[in-house]
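Novice: This is the structure, below, for whatever I ask next.
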Amino acid sequence: MKTTQTQDLHFRIILWLLYLLANLMLLLTMPQDEHRLFCSGCLLAFSGIVTLAVFNRHVSLKLLSYIFMACVMANNVIDSVLHQNIHYVIIVLFGCCTLFSIFKDELLVLVHGAASLALVLYHIAVTGYIDISVPRELRIAVLSCLGIVGISGYLCGHIRVQKKKEEELKQLAESAMDAERSKSDFLANMSHEIRTPMNAIVGMCEMILREGDISSTVREYCFNIQNSGRSLLSIINDILDFSKIESGKMEFIEDEFNPASTLNDVINMSLARLGDKKLEIVVNVDPDLPKGLLGDEIRIRQILINLMTNAIKYTRQGVVSLKITQTRHDYGINLTIRVKDSGIGITPENLEKLFTSFQQVDTKKNRSVEGTGLGLAISKRLITQMGGFISVSSEYGKGSEFKVVLPLKVSDPSPFIMVKSKKPIFAASYVDLSKFQDKNVVEAYGQLISEIGNQLHISLTAYQTFDRLKARIDRGGLTHCFIGRSEYLSQKEYFEKLAEQMDVILIQDRINAVHVPLRIKCVYKPFYALPIAAILNNESIIENLGEAKGRSVNFTAPEARILVVDDNVINLQVAEGLMRPYHMQVITAESGSEAIRLLHSKDIHLIFMDHMMPEMDGVETTQKIRQMEGEYYHSVPIIALTANAVGGVKKMFLESGFQDFMPKPIELSTLDKMLKTWLPDSLQKKMTAMEESPAEQPPDIPLEEDDCLKGLIDTKLGLFYTGGNTQAYLSILSSYLDKGTEKLEKIRGLWAQQEWKNYVIEVHALKSSSLSIGAKQLSELAKELEAAGKGENYRTIEEKTEALLELYDKVINAGKTYLEHTNAKPDPGQAPGSGQHNDIAAWGTEGTQDALAEIDTAQLAQIIECLKEAGDAFDSEAMEAACEEASAYRCRGRELKPYFDKVRQCIEDFEYEEACRIAASILQQWEEGQ
Amino acid sequence: MINQCVTTECVCDLPGELLSRLNVDIIYFHIYTDSGCFKDTDEIDARNILEYMERGGAKSKSEAPSANEYKNFFQKKLEDYDEVIHIAISSGISDSVKNASLAVAKMGMEGKRIHIFDSRHLSSGMGFLVIKAAQMSRDGCSTRQILEELEHCRGKVSTSFIVKNADYLFRNGKVSKGVQRLCRLFSLHPVLYMKDGVLTLKGLEFGNYEKSGARYVKKELRHAQAIDKSRLFITHANCRLKSIQQIKSIVEGCCRFEEIIVNPASATVSSNCGPNAFGVLFLLKGQTKSLDET
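What follows is the structure, given as structure tokens:
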């Protein structure tokens with residue numbers, strides 16, 4: 003750039019010199035009159051200016067030079083008019099050439115050069131003003147012609163060179179842009195290619211972690227692989243996003259969304275990233291935000307998560323606050339998001355390069371902070387493309403504040419948080435802010451508590467001491483009292499008694515939550531308008547959100563038949579595994595043609611179709627299905643599965659006949675949403691609150707480690723194996739304990755009698771059943787003894803059976819004490835084979851018991867295969883379901899129920915292997931036609 | 020005693036922290052872009068609007084608050100105060116005085132408690148008047164005294180800016196295309212200043228912008244003995260930190276000010292003068308107290 007400027011300066015100087023030369027020639031040939039003196043003066047001044055300009059190497063005298071040149075030219079024009087002297091005209095034309103050269107127009111230079119030449123020739127040949135017979139005039143004419151040709155030629159040549167250079171630069175720029183585009187495309191393709199196997203890695207880890215029969219070391223390794231896989235996926239997603247934005251391929255899907263759902267996701271993600279940092283997350287959100295907004299929710303969530311993650315990453319202790327407000331406009335609202343932290347802050351120098359790609363500021367100080375440095379760059383580009391703005395203010399060492407403003411349209415203007423109670427609410431809060439060491443936390447909470455009452459249009463008074471609160475309570479009239487955890491613990495009895503008079507709400511930490519009596523309600527941090535409104539409305543937060551996020555499955559669909567189509571077997575297994583908790587009938591196909599064949603039965607309710615498949619891809623398959631005759635094929639919902647979930651694809655999928663799309667790796671929350679949306683309501687069977695995940699359990703069923711368990715039973719592990727279903731776990735534990743003593747004696751007897759074959763069967767059953775209740779140590783020992791039995795290593799059996807029996811006894815006693823101590827009784831409706839399982843029993847039945855449907859041996863084999871798979875996964879519920887299904891049929895004219903009763907009995911006794919063996923023998927009997 | 024408050028507009032280009040210290044509330048101008056309408060300073064800043072314009076944002080228009088907005092703003096203030104002194108950007112360059120006066124007229128009797136003062140300046144130039152009024156109000160001066168002092172002070176404020184080129188002035192219709200091309204062609208950097216409430220061309224600097232900026236600063240501060248040394252504002256439109264430090268050191272080389280406040284200009288001001296424009300704004304002698312006294 004600098005070289006070009008220098009060249010340009012030199013070019014101008016050469017032009018001035020040539021012009022000067024031409025004028026000097028004129029001066030020398032000029033008649034001795036008064037004009038000569040004037041011209042001499044002008045030329046002298048002009049050359050001086052040019053000299054100055056040249057030696058200073060600056061263009062500040064440029065204007066003056068132009069003015070002087072204009073003066074000289076004007077003088078020449080006047081002279082040429084007054085004296086009709088052609089020489090002056092020539093000089094004027096030279097000047098024009100020079101002036102036009104500034105604009106670098108090659109054609110103009112040529113035109114003026116030719117005109118000048120023509121004029122000279124015209125005066126020689128036609129008018130005779132220039133008499134070439136006079137040697138002096140001939141000399142002038144020749145010199146003038148040479149001058150014109152020379153200057154014009156030089157100018158043209160120079161301009162041509164310049165233009166060529168510009169063209170080259172343009173080409174270079176274009177090739178650089180092409181390279182940039184190729185890089186972006188490469189990144190996008192690579193990211194896509196990496197995402198697909200990553201899906202398998204993360205998904206398979208999920209499957210392994212669900213398996214019971216793995217050692218703690220393997221579990222830990224697997225957990226680490228899964229975590230690393232997820233981190234890698236998030237980096238890949240960042241790169242993919244960035245390359246899409248850079249190549250202009252990022253499209254935004256404007257869809258209706260509820261800010262509550264977005265907020266909930268962001269808060270959950272933020273809490274998950276807190277780790278062991280001593281950080282408070284304070285959320286302050288305007289409850290009057292419209293319930294329905296139009297925009298790309300995924301991208302807005304991404305921006306919010308990026309900002310929150312960044313704030314958490316760079317803040318070791320203190321507070322990260324999220325504030326969301328709005329301003330109303332005729333087109334909708336301006337959504338303002340403020341994320342403030344009390345972290346390390348940013349220096350003014352770094353603020354300038356903050357939104358630059360691939361750049362992490364203050365890298366020396368933040369060596370421990372991971373990341374690609376793309377988060378903010380992506381966020382800024384996303385915000386910009388959505389028509390919004392981002393700004394940051396920061397004080398080094400004190401913290402930063404990021405502010406995002408997004409203009410959004412509104413689809414439903416009613417407030418997203420509303421207190422519905424018609425009775426006036428008089429609430430008090432008791433949180434002693436002095437317990438927080440960090441003044442930023444005190445400030446943030448202080449502001450939040452002072453604003454929340456006004457926001458929700460309720461009366462809320464904040465108290466920081468117990469005495470003042472008590473005095474207010476004694477005066478009467480309060481309807482609700484919000485208290486902090488430590489405040490509750492310090493006056494536990496008082497608040498428990500107070501809960502009999504009014505609503506007492508405990509603000510709990512998610513970690514280290516305290517057990518409270520049922521009459522005391524709980525909200526979990528962060529404490530803000532949404533959970534408070536939910537409490538005041540006597541509804542759960544989940545209901546308020548209208549979604550089931552943050553908890554596990556809350557419905558089943560045993561009658562639903564789902565077809566998953568993917569050429570990758572591992573992906574099929576992942577999908578099947580994720581759908582297992584819904585008790586749906588999952589059918590898989592490895593190709594588009596197989597999927598079409600399976601659809602001939604017309605009994606599939608929902609199809610998940612992979613986008614990229616060999617031979618016939620998802621789009622083609624879907625189009626073929628849609629072209630098939632019959633209403634069913636036009637309406638059956640098909641969801642695209644794609645690892646390349648970028649903006650724009652949704653439109654493409656919808657146009658291709660899909661109903662929706664789901665990004666891979668499949669997220670349970672997304673799957674849940676899809677199933678809820680696309681499965682007919684009649685097939686969805688809601689689980690009651692008691693059947694749902696531990697996060698939503700009533701507080702009188704404690705599932706935390708109790709002292710009485712002494713590490714013998716890990717209730718959390720047991721809960722994990724029952725898919726998070728507390729009641730199911732308690733039911734399994736209860737059955738385990740009921741039959742425990744009997745089993746113990748049986749093993750002891752077999753050991754004494756040295757009946758090794760049966761001994762191995764029993765310890766095998768003990769291994770799996772113990773693991774399913776969380777008695778890991780016992781399970782490990784049983785496993786060892788099973789292996790010893792199978793390997794005929796009787797010495798080990800002799801040495802360790804006593805220890806096994808002793809441990810078994812301890813587990814039984816600890817379990818019984820635990821159930822008694824905690825008063826946790828399983829709901830009879832939840833016992834295996836009852837309650838929801840009754841629903842499952844209806845799965846596949848057509849007609850009544852008196853008119854059982856007939857199935858062939860192939861179908862029976864399929865059911866038994868399901869049962870075996872469930873057995874392998876220690877999934878007693880699925881085994882029960884398969885049993886129930888088989889019992890509801892006849893095969894070759896005979897009822898299957900009596901045969902499968904034995905299988906069910908084995909399942910109830912946790913003898914999964916035996917159950918599978920019996921089932922296999924049943925199949926064999928039928929296949930042999932017995 | 021009459022309890023009055025001072026209010027102003029976001030285009031006064033005073034730091035937020037100073038405004039809250041002086042208890043001065045502001046009303047926001049609006050910036051219209053292709054995607055929506057944003058509150059200047061609160062929702063959009065100089066960097067945002069300049070980046071938007073450089074990306075080729077088709078529409079960018081700044082607008083004073085409407086009469087209704089002024090009315091709501093004043094009514095809210097009158098809930099807490101007996102009288103309001105509102106210092107507005109010059110009527111010669113904005114509709115704010117007109118709209119504010121309309122709001123006052125709409126308010127009827129209540130409007131008599133509102134005093135609109137046309138600062139005849141912009142940016143931190145009107146900021147000087149805001150500081151003066153807020154200090155006097157806190158010192159217990161009457162509304163009349165404050166207004167008289169503001170009237171007196173108004174002529175002593177030096178509000179000038181140097182702009183890199185006339186591109187943004189042309190985009191906002193302040194100069195013709197010819198002037199804009201001339202400025203680009205001859206590397207001219209216009210120096211603008213507020214004269215009788217109107218933005219006027221004070222001079223032209225040629226050549227390298229950094230050196231032109233330095234010349235501008237030196238020229239502005241050449242009569243050091245006539246300048247009130249208590250405070251100087253360097254108000255800029257998204258200048259780089261390095262440039263700001265250079266300007267500051269030039270200022271310090273010319274005069275020793277008790278306080279130099281570097282502050283980004285509002286989006287409204289920045290969108291009119293373009294990136295890298297800056298101004299050194301000060302008072303002529305004997306006008307204000309030091310900010311330390313606040």
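Protein sequences appear in the order of chains A and B.
So the numbering used here is basically just the index in the first sequence, starting at one, shifted up by 2.
So the numbering used here is basically just the index in the second sequence, starting at one, shifted up by 19.
All C-beta atoms in this analysis are idealised placements derived from N, C-alpha and C, irrespective of residue type, glycine included.
#1: Pick out whichever of Ile-133(B), Cys-292(B) and Asn-282(B) has its Cα sitting closest to the Cα of Gly-146(B).
#2: Spatial neighbours of Ser-81(B) within its chain, please: CB distance less than 8 Å, with the 5 preceding and 5 following residues excluded, ordered by chain position.
#3: Going along the chain, which residues of its own chain have a beta-carbon closer than 6 Å to the beta-carbon of Cys-216(B), five neighbours each way excluded?
#4: Give the single residue among Ile-451(A), Asp-605(A) and Glu-808(A) whose Cα lies nearest to the Cα of Ala-562(A).
#5: Using the beta-carbon of each residue, which ones in chain B are nearer than 8 Å to Pro-292(A)?
#6: Anything in the segment 39-66 of chain B with a Cβ closer than 9 Å to a Cβ of chain A? List those residues in chain order, please.
#7: Spatial neighbours of Gln-199(B) within its chain, please: CB distance less than 8 Å, with the 5 preceding and 5 following residues excluded, ordered by chain position.
#8: Mind checking which residues open and close the beta strand (DSSP E) that includes Tyr-891(A)?
#9: Pull up the distance between the alpha-carbon of Leu-207(B) and that of Asn-227(B), whole angstroms please.
#10: Would you say Phe-357(A) faces chain B, with C-beta separation under 7 Å as the test?
#11: Pull up the distance between the alpha-carbon of Gly-35(B) and that of Thr-349(A), whole angstroms please.
#12: Is DSSP giving Lys-248(B) helix, strand or coil here?
#13: Check each residue of the segment 253-271 of chain B: if its Cβ is closer than 8 Å to any Cβ of chain A, include it; give the result in chain order.
#14: Under DSSP, the beta strand (DSSP E) around Pro-665(A) begins and ends at which residues?
#15: On the three-pair Cβ rule with 8 Å, is the segment 176-193 of chain A touching the segment 237-248 of chain A?
#16: From the DSSP output, in three-state form, read off Glu-631(A) for me.
#17: If the cut-off is 8 Å on Cβ atoms, which residues from the segment 253-279 of chain A count as contacting chain B, listed in chain order?
#18: Could you give the DSSP three-state label for Cys-524(A): helix, strand or coil?
#19: Look at the Cβ atom of Thr-590(A), then the Cβ atom of Leu-574(A), and state whether they are nearer than 7 Å.
#20: Can you tell which of Val-406(A), Thr-819(A), Arg-303(A) and Ser-344(A) has the C-alpha that lies nearest to the C-alpha of Asn-336(A)?
#21: Checking 7 Å against the spacing of the C-beta atoms, do Gln-466(A) and Leu-435(A) come in under that value?
#22: By the three-class DSSP mapping on this structure, what secondary structure does Gly-620(A) have?
#23: Check the DSSP bridge columns for Val-281(B) and list the partner residues they point to.
#24: Is it true that the CB of Ser-381(A) sits closer than 7 Å to the CB of Asp-64(B)?
#25: Whole angstroms is fine: what's the gap from Arg-59(A)'s alpha carbon to Glu-229(B)'s?
#26: According to DSSP, simplified to helix, strand and coil, what is Phe-484(A)?
#27: In this structure, how does DSSP classify His-602(A) when only helix, strand and coil are distinguished?
#28: Return the residue from the list Ala-777(A), Lys-759(A) and Gln-629(A) that minimises the CA-CA distance to Ile-738(A).
#29: For Phe-301(B), which three-state DSSP category applies?
#30: Ignoring anything shorter than 3 residues, give me the beta strand (DSSP E) runs that lie fully in the segment 181-269 of chain B, in order along the chain.
#31: Show which residues of chain B have a CB atom less than 9 Å away from the CB atom of Glu-453(A).
#32: Can you list, in chain order, the residues of its chain whose CB lies under 6 Å from that of Tyr-635(A), leaving out five sequence neighbours each side?
#33: Taking the CB atoms as reference points, tell me whether Ala-245(B) and Cys-274(B) lie closer together than 7 Å.
#34: Do Ala-107(B) and Ser-115(B) have their C-beta atoms within less than 7 Å of each other?
#35: Say whether chain B places a C-beta atom closer than 7 Å to the C-beta of Phe-57(A).
#36: If we cut at 7 Å on Cβ distances, does Pro-533(A) have a partner in chain B?
Specialist: With the structure as the only source:
#1: Asn-282(B)
#2: Phe-48, His-49, Ile-50, Tyr-51, Asp-59, Ala-286, Thr-287, Ser-290 and Asn-291
#3: For the record, residue 216(B) in the displayed sequence is Gly; it is not Cys. Within the same chain, Gly-216(B) has close Cβ partners Ser-109, Gly-111 and Arg-139.
#4: Asp-605(A)
#5: Under the 8 Å cutoff, chain B gives no residues; its nearest Cβ is about 15 Å from Pro-292(A).
#6: Thr-52, Asp-53, Ser-54, Gly-55, Cys-56, Phe-57, Lys-58, Asp-61, Glu-62, Ile-63, Asp-64 and Arg-66
#7: Asn-184, Ala-185, Asp-186, Leu-188 and Phe-189
#8: 891-893
#9: 9 Å
#10: no
#11: 19 Å
#12: strand
#13: Arg-259 and Leu-260
#14: 662-665
#15: yes
#16: coil
#17: none
#18: strand
#19: yes
#20: Val-406(A)
#21: yes
#22: helix
#23: Ile-253(B)
#24: no
#25: Residue placement at Arg-59(A) is flagged as unreliable, the pLDDT there being 43, under the threshold of 50; the coordinate-derived value follows with that caveat. Each residue's Cα considered, the two are about 16 Å apart.
#26: strand
#27: helix
#28: Looking at the sequence provided, one finds Tyr at residue 738(A) rather than Ile. Ranking the options by Cα distance to Tyr-738(A), first place goes to Ala-777(A).
#29: strand
#30: 207-214, 217-225 and 246-255
#31: The contacting residues do not exist; Glu-453(A) stays about 17 Å from chain B at best.
#32: Ile-627
#33: no
#34: yes
#35: Low confidence applies to Phe-57(A): its pLDDT is 43, below 50, so where it sits in the model is not reliable enough to give any reading.
#36: no
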